[in-house]
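Protein sequences, first through last, are from chains S and P. If you're matching positions, the first sequence starts at 334 in the numbering used here and goes up one per residue. If you're matching positions, the second sequence starts at 1312 in the numbering used here and goes up one per residue. Built from N, CA and C at the ideal position, the CB exists for glycine as well.
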Amino acid sequence: MQRWLNETAIVFAIEFRRFLTEWPVYLLVSVIATAPLFLIRLAGEFSSLEDTRLLAGAVVFGLGLQSINGTGQLMVSERFEGQMKLFRTAPMSKAAYVVGVTLFTVVMATVSTVAVLGLGAAAGIPFELSPLLLPLVIMTGASLTGFSVLIATNARTASGGALLASALGVLVAMLSPIFYPIERLPVALQWLAHLSPFTYAGEAFTEVLSGGASVLSQSLILLGFMVATSAIGIARMQWRER
Amino acid sequence: MTMNDEQVAIRVVDLRKRYSGGTIANEGINLAVERGEVFALLGHNGAGKTTLVRQITGELMPTSGEITVCGVDVLRRPREARRFLGVVPQEAELFGHLTVMEHLYYFGRLRGLDRKTVASRSEDLIRHLNLVEHVRKATSQLSGGLKRKLLVGIAMIARPPVLILDEPTTGLDPFSRHEVWSLVRQCQLAGTAVLLTTHYMDEAENLADRVGIVSGGSLLTVGTVEELHARIGHRYRLTFGSPDQERPGHLRRLTEYGATVADLQSRAAELGLDEYSVARTSLEDIYMEIAGQQLCREVHRAAMA
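The following block contains the structure:
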């Protein structure tokens, strides 16, 4: 266990050095990707709940970009550029690599959330800061890591893998009712939305940002997604090619 | 050559690799590399060297066969086997945002070294690889040759009992190549087994105790350079200008092989040559002869098919 923790910490440290040198880019991407969402407020009067839901939706959308897109593209580039070879030829487990990269994703997700909340404050949206935000960010950011791993290890080309990661991140965010209540969706899409962790993340962030704390059920679902998709991703990851 | 199990660092038995598309990349490979031995694999591009190496490092699953590293089964316990390996993969890339020192630090730590040991070994490697002035640079600022040297350093930082170097000196200038050779020799003296793939015949001739020639996915021959000389049966080559003025320029310079200088001199006399040179056959000559014959057979087979 000690060895595994050491391996995970080293992978995280290597990736985190990337963040230290490139953090303005990560911050800018989060701002550019989510700022236009706030323009919707120009369309008319928004109730307090609608404002909070918009902010929560922007947070989840940003987290979606960072988790599937960010992690997927990072792993795809490390696989095709050759950095992953340095890990694969070292005596370490693939689980340590996946968890180390996921921890890095969580850091990026936190930065993204801070940026989006800053934008929300600048747009005049009132919200509550709660300690519950951090575990929600972690669970949402890591809820689909397994998909990123599957894309990264099964992509045939770097460009194909990067495109797939981007498309899937946006698709999952768009299919989830993060900006409006799930009841507004057609019934078929409601079924689909229930399969997305971002649906529950949207509900949980709306609750917490409006000052509530009743997010136990959503948190358990997000935790379940995080554990299940990570386990599938690690199990299916091709650390050794066939 | 027979070796007992304790002497053997790498053992490959009846290895076969067939890709899902049907391409057979390795066929019937049997190989044993002894502790403290440098074994060079030679072969043209696409011959199957890197496929073989990647199966030994546990990156690629063989179709059938057995591989052990220091007695550990690579197929069943790849992670444990990798503890005995230091690897310079052919197409590995460094992390552009990390410095030279950070690479050695993190990959030393990943192999279980404590901070103090990593620091002292990093200093040694940096000095031997002549990377002192680049220590604090991000590797994105380094030339391809310097990056390659750092990859060699990363492979050696934990002083593993087996080193797998897949074209470690490709892109290096002559001075840098000699720095790497010197490190490989030091490792060998310390008892490390080294499996090296290279396109540089002088590198194999300088470093290797034994050489294997790979072509068409198979290991055609294995032996010391002397044994290979004996196997092809001629020790000298005669190079002469052809008196035939009708031949194009590049064909006027011809090479013939013979077992002794006298053989070759008589051949020169027979041809009526008064200007020629006689030299000992090199590893390149041996390689061209053995691999060349195989290549001709492959081309012929492909044409017939």
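Asked                                                                                                                                                                     : Found
Please list the partners that S:Ser-426 has in chain P, where partner means a Cβ-to-Cβ separation under 7 Å.                                                              : Arg-1390
Considering only the beta carbon of each residue, do S:Ala-319 and S:Val-470 sit closer than 8 Å?                                                                         : Residue numbering for chain S in the displayed model covers 334 to 575; residue 319 of chain S lies beyond these limits and cannot be assessed.
Tell me which same chain residues have a C-beta within less than 6 Å of the C-beta of P:Leu-1326, skipping the five on either side of it?                                 : Asn-1337, Ile-1340, Pro-1373 and Gly-1376
I want to verify the contact list: residues of chain S whose CB lies under 8 Å from the CB of P:Tyr-1417, in sequence order.                                              : Ile-343, Ala-346 and Ile-347
Flag this pair as yes or no: are the beta carbons of S:Met-570 and S:Val-482 separated by less than 8 Å?                                                                  : yes
Which residue spans inside the stretch 1476-1537 of chain P form an unbroken alpha helix (DSSP H) run of at least 4?                                                      : 1485-1500 and 1512-1518
Is P:Ala-1343 near P:Arg-1365, with beta carbons less than 8 Å apart?                                                                                                     : no
Going straight from the alpha carbon of P:Asp-1435 to that of P:Gln-1497, what length do you get?                                                                         : 12 Å
Can you have a look at S:Thr-562 and say buried or exposed, based on whether 16 or more other CB atoms are within 10 angstroms of its CB?                                 : buried
Just to confirm my understanding: we take S:Leu-407, look at its own chain, exclude 5 residues before and 5 after, and list those with CB closer than 7 Å. What are they? : Val-434
Please report the straight-line C-alpha distance between S:Arg-351 and S:Ala-442, rounded to a whole angstrom.                                                            : 15 Å
Just to confirm, is the Cβ distance from P:Ala-1320 to P:Cys-1381 under 8 Å?                                                                                              : yes
Could you tell me which residues DSSP puts in a beta bridge with P:Asn-1617?                                                                                              : Here chain P comprises residues numbered 1312 to 1616, so residue 1617 of chain P is not present and cannot be evaluated.
Name, going along the chain, the residues of the stretch 1397-1413 of chain P whose beta-carbon falls closer than 8 Å to a beta-carbon of chain S.                        : Val-1398, Pro-1400, Glu-1402, Ala-1403, Glu-1404, Leu-1405, Phe-1406, His-1408, Leu-1409 and Glu-1413
Which residues in chain S sit within 8 Å of P:Met-1372, going by Cβ to Cβ distance?                                                                                       : Arg-573, Glu-574 and Arg-575
Using a Cβ-Cβ cutoff of 8 Å, what residues of the stretch 1414-1448 of chain P are near chain S? List them in chain order.                                                : Tyr-1417, Phe-1418, Arg-1420, Leu-1421, Arg-1422 and Gly-1423
Can you tell me the Cβ-Cβ gap for S:Phe-538 and S:Ala-389, rounded? I've got them flagged as a contact below 8 Å.                                                         : 4 Å
Beta strand (DSSP E) containing P:Thr-1368: first to last residue?                                                                                                        : Premise fails: P:Thr-1368 is in no beta strand (DSSP E) and is neither H nor E.
Around the Cβ of P:His-1489, are there at least 16 other Cβ atoms within 10 angstroms (buried) or fewer (exposed)?                                                        : exposed
Do the stretch 462-477 of chain S and the stretch 360-372 of chain S touch if we need at least three Cβ pairs shorter than 8 Å?                                           : no
Does the distance from the C-beta atom of P:Ala-1590 to that of P:Arg-1542 stay below 8 Å?                                                                                : no
If you draw a straight line from the C-alpha of P:Leu-1562 to the C-alpha of P:Tyr-1511, how long is it?                                                                  : Its pLDDT being 47, under 50, P:Leu-1562 is placed unreliably in this model, and the coordinates cannot settle the point.
By how many angstroms is the C-alpha of P:Ser-1431 removed from the C-alpha of P:Leu-1474?                                                                                : 20 Å
With 16 other CB atoms within 10 Å as the buried threshold, where does P:Leu-1363 fall?                                                                                   : buried
Whose Cβ in chain S lies nearer than 8 Å to the Cβ of P:Ile-1465?                                                                                                         : Leu-419
Using only the alpha-carbon positions, how far apart do S:Arg-573 and S:Ile-567 sit?                                                                                      : 12 Å
By the criterion of Cβ-Cβ separation under 7 Å, what are the contact partners of P:Gly-1274 in chain S?                                                                   : Given that chain P is displayed from residue 1312 to residue 1616, the structure contains no residue 1274 of chain P and the question cannot be resolved.
At the 8 Å Cβ level, is P:Arg-1329 part of the contact set with chain S, yes or no?                                                                                       : no
Whose Cβ in chain P lies nearer than 8 Å to the Cβ of S:Gly-415?                                                                                                          : Pro-1400, Glu-1402, Ala-1403 and Glu-1404
Distance, Cα to Cα, S:Ala-376 vs S:Ile-515?                                                                                                                               : 22 Å
Spatial neighbours of P:Gln-1605 within its chain, please: CB distance less than 7 Å, with the 5 preceding and 5 following residues excluded, ordered by chain position.  : Ser-1526, Gly-1527 and Leu-1531
Just checking: is the beta-carbon of P:Arg-1393 within a distance shorter than 8 Å of some beta-carbon in chain S?                                                        : yes
What would DSSP say about S:Asp-384, mapped onto helix, strand or coil?                                                                                                   : helix
Within the 8 Å Cβ cut-off, does S:Thr-354 reach chain P?                                                                                                                  : yes
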